[in-house]
Amino acid sequence: MTTERDRGGRVPLHYAALDGEDDEVRSLLDTGGDVNVTDYQGFTPLHFAVQDGRLSTAALLLDAGADIEAVTSDGATPLFVATTSPVRNAPDLIRLLRARGANPHAAKSNGSTPLSFVCRISDRDKREAYSDLLDSDA
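Quick note on numbering: the sequence shown equals residues 1 to 138 in the UniProt record's numbering.
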């Protein structure tokens, strides 16, 4: 297992998660990769998978013990990243994270939460869909 970091502090597991390479993620984890390894800004492989809309990769990382409440240097949880991400399957990612226990009230360092972010969305249909997901007992 290679743990050599790049200039941003990322290891191969970060990139495999970002690219949605589930087989590579499994291989890296099976050979001792740390599912909760952080880069220099505190991003875990789960943050990377979520920000790029990699639903199956996010589920795989969660099954492997990824910390669902891991925070970046500015306090963003994977749920916050999913809520603010422009990817089309953001509602599916939010649903997955909520089903696994992600807290919609976890605040970033600036006080913003996934729920408060959703309240500021101008598209009414999108805001309602996200609010339903965040408020549900999924």
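Don't be surprised by glycine CBs; every beta carbon is placed ideally from N, CA and C. None of these values were measured; they are calculated from a predicted model.
**Item:** Neighbour flag for residue 99 against chain C, beta carbons, 8 Å
**Value:** Protein chains in the displayed structure number just one, and chain C is not present.
**Asked** Is residue 41 helix, strand or coil by DSSP?
**Response** coil
**Item:** Residue from 15, 111, 99 whose Cα sits closest to the Cα of residue 47
**Value:** 15
**Asked** What three-state label does DSSP hand residue 58 in the structure shown?
**Response** helix
**DSSP state of residue 14 mapped onto helix, strand, coil** = The answer is helix: DSSP assigns residue 14 an H, G or I state.
**Prompt:** Given a threshold of 16 other Cβ atoms within 10 Å of its Cβ, counted over all protein chains shown, does residue 31 qualify as buried or as exposed?
**Reply:** exposed
**Prompt:** Which two residues bound the contiguous alpha helix (DSSP H) that contains residue 24?
**Reply:** 22 to 30
**Prompt:** Exposed or buried, which one is residue 41 when buried takes at least 16 other CB atoms within 10 Å?
**Reply:** exposed
**Request:** Could you check which residue in 36, 84, 23 has the C-alpha nearest to that of residue 182?
**Result:** The question about residue 182 has no answer here: the residues shown for the chain are numbered 1 through 138.
**Prompt:** Secondary structure at residue 138, three-state DSSP: helix, strand or coil?
**Reply:** In this predicted model, residue 138 has a pLDDT of only 44, less than 50, meaning its place in the structure is not dependable; the value taken from the coordinates is given anyway. Coil.
**Message:** If you reduce the DSSP assignment to three classes, tell me which class residue 91 lands in.
**Reply:** helix
**Asked** For residue 38, which residues of its own chain have a beta-carbon under 6 Å away from its beta-carbon, when the five flanking residues on both sides are left out?
**Response** 44
**Message:** Quick check: residue 64 and residue 87, are their CB atoms within less than 8 Å of each other?
**Reply:** no
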